[in-house]
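Report on the structure given below.
Numbering (the working numbering), first residue to last: 15 to 287.
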């Protein structure tokens with residue numbers, strides 16, 4: 015849901031206790047499905063008696079992120095960086111418009127049905143060797159090539175002169191040291207006990223899946239292109255929620271009131287990897 019065409023181109027820690035783009039393209043993908051597998055709950059580390067820091071190191075040495083999809087931790091990707099006039103407006107990930115400038119739109123392949131939304135990536139310019147950390151908040155449409163990032167202009171400035179239009183880069187996924195104290199959840203506008211969409215915000219690591227408790231059973235919800243997990247029949251709306259990251263960590267959130275379009279903070283956050 016990029017806002018304006020590309021510039022210069024055609025048209026364009028461990029605290030586990032929590033402008034104008036082609037709307038038709040997004041609408042056509044609303045029922046796209048995210049992926050994942052059964053997660054390893056954070057409570058496993060606590061029950062094992064192993065310090066959280068040790069668990070993190072073991073996970074890193076194992077070089078595994080069982081729920082990662084197209085963007086793999088530890089892997090460096092090579093592509094091109096361009097820039098667009100983000101102008102602080104909301105993008106395809108459906109985050110609130112704001113003043114954050116170190117953001118980027120991900121190419122369609124790596125966006126992967128919103129699985130890249132909220133991910134932090136470190137982008138390094140091939141020409142000058144300088145780096146910038148950006149958060150993925152948007153989708154760059156079909157004109158973007160494989161592994162390409164479309165940056166906020168101020169982020170692009172760290173890597174090259176804007177007159178270049180585009181510049182070669184490498185980038186890799188980060189598990190940020192600095193993160194919000196807890197994730198937040200938001201019910202989509204129109205949500206009720208009969209239908210709801212749930213969004214995860216302020217997560218340190220990419221979110222792989224979201225499940226809701228319905229009649230004593232955990233049910234995994236499908237992810238949409240616009241970064242909400244949907245319960246089309248209302249199953250689990252207003253009940254307990256489990257959020258799992260790509261490393262298999264699971265945060266269990268108490269039942270929250272269905273307050274459409276209201277961001278509800280929690281005190282639970284994923285550990286750093």
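Glycine residues also receive a C-beta, built at the ideal position from the N, C-alpha and C atoms. Small disclaimer: the values here were computed from a predicted structure and weren't measured.
Cβ neighbour criterion (16 or more within 10 Å) applied to residue i
i           : result
residue 146 : buried
residue 287 : buried
residue 258 : buried
residue 246 : exposed
residue 204 : exposed
residue 195 : exposed
residue 42  : Confidence is the limiting factor: at residue 42 the pLDDT is only 36, short of 50, which leaves the residue's position unreliable and the question unanswerable from this model.
residue 237 : buried
residue 137 : buried
residue 92  : exposed
residue 148 : buried
residue 219 : buried
residue 142 : exposed
residue 156 : exposed
Proximal residues to residue i (C-beta, below 6 Å), its chain only, five neighbours per side dropped
i           : result
residue 67  : Residue placement at residue 67 is flagged as unreliable, the pLDDT there being 43, under the threshold of 50; a coordinate-derived value is accordingly withheld.
residue 255 : 226, 267
residue 14  : For the chain, the structure presents residues 15 to 287; residue 14 sits outside this window and is missing.
residue 243 : 212, 224, 235, 237
residue 169 : 116, 146, 148
Span separating the alpha-carbon of residue i from that of residue j
i           : j           : result
residue 115 : residue 229 : 43 Å
residue 214 : residue 176 : 33 Å
residue 272 : residue 110 : 19 Å
residue 262 : residue 144 : 32 Å
residue 281 : residue 267 : 9 Å
residue 160 : residue 251 : 37 Å
residue 87  : residue 278 : 29 Å
residue 118 : residue 182 : 15 Å
residue 284 : residue 99  : 32 Å
residue 249 : residue 274 : 16 Å
residue 174 : residue 167 : 10 Å
residue 184 : residue 151 : 19 Å
residue 241 : residue 95  : 23 Å
residue 206 : residue 232 : 19 Å
residue 199 : residue 212 : 7 Å
residue 235 : residue 97  : 33 Å
residue 276 : residue 202 : 8 Å
residue 162 : residue 216 : 24 Å
residue 154 : residue 131 : 12 Å
residue 106 : residue 210 : 19 Å
residue 178 : residue 171 : 10 Å
residue 140 : residue 180 : 11 Å
residue 78  : residue 104 : 32 Å
residue 193 : residue 135 : 14 Å
residue 197 : residue 264 : 12 Å
Strand pairing of residue i, partner residues [DSSP]
i           : result
residue 93  : 183
residue 228 : 231
residue 273 : Residue 273 pairs with nothing; no bridge assigned.
residue 255 : 226, 267
residue 211 : 244
residue 279 : 198
residue 86  : According to DSSP, which records beta bridges pairwise, residue 86 is partnered with nothing at all.
residue 237 : 243
Same chain, Cβ closer than 7 Å to residue i, neighbours up to 5 away in sequence not counted
i           : result
residue 158 : 121, 122, 164
residue 112 : 102
residue 269 : 252, 253, 254
residue 189 : 218, 219, 286, 287
residue 222 : 50, 81, 258, 259, 260
residue 108 : 213, 240, 241, 242
residue 191 : 286
Cβ shell of residue i (< 8 Å), same chain only, five flanking positions each side left out
i           : result
residue 208 : 247, 248, 251
residue 124 : 84, 85, 91, 130, 160, 161
Test: residue i CB closer than 8 Å to a CB of chain C
i           : result
residue 215 : In the structure shown, chain C cannot be found, because there is only a single protein chain.
> Whole alpha helix (DSSP H) runs in the stretch 107 to 134 with 4 or more residues, listed along the chain?
Replying inline: 122 to 125
> Which ranges does the beta strand (DSSP E) cover as unbroken runs of at least 3 residues, wholly within the stretch 132 to 205, from first to last along the chain?
Replying inline: 134 to 139, 145 to 154, 163 to 165, 181 to 188, 198 to 201
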